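First the structure, in the form of structure tokens, and then the observations on it.
Residue numbers (the working numbering): 3 to 93.
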């Protein structure tokens, strides 16, 4: 991002508003603008951008390597496909 002259915004944008059944999740608009500006400046294709965003490299192409099983266990407690989710993380 820095090589393209784009600065990531601070991670202070609210992720949701409200609570309980009325909770509404929000799009991180400042991050969306920064990522869009990066693509405009670099002309990166969608596949190249997705690989960059997922931190995929030629040596380690796994797209889900940054998913943490313990965090998934907490966030997805009771999810009937949690075992399959763990398989995806290991791939």
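In this text, a Cβ means the ideal position worked out from N, Cα and C, and glycines have one as well. Because the structure is a prediction, the values reported are computed rather than measured.
Less than 8 Å between C-beta atoms, sequence neighbours within five positions excluded: which residues of the same chain meet that for residue i?
i: residue 9; result: 3, 36
i: residue 57; result: 67, 68
i: residue 49; result: none
Shortest alpha-carbon distance to residue i belongs to which of the options?
i: residue 74; options: 28, 39, 92; result: 92
i: residue 34; options: 90, 86, 13; result: 13
Between residue i and the rest of its own chain, which residues show a CB-CB distance below 7 Å, the 5 nearest in sequence each way excluded?
i: residue 32; result: 11, 15
i: residue 17; result: 27, 28
i: residue 39; result: 8
i: residue 25; result: 18
Looking only at DSSP bridge pairs, what is residue i linked to?
i: residue 26; result: 19
Between residue i and residue j, which are expected to be in contact by the criterion C-beta below 8 Å, what is the C-beta distance as a whole number of angstroms?
i: residue 55; j: residue 41; result: No, residue 55 and residue 41 are not in contact; Cβ-Cβ is about 10 Å, not under 8 Å.
i: residue 71; j: residue 88; result: 6 Å
Given residue i, which residues of its chain have a CB within under 6 Å of its CB, disregarding the five upstream and five downstream residues?
i: residue 44; result: 6
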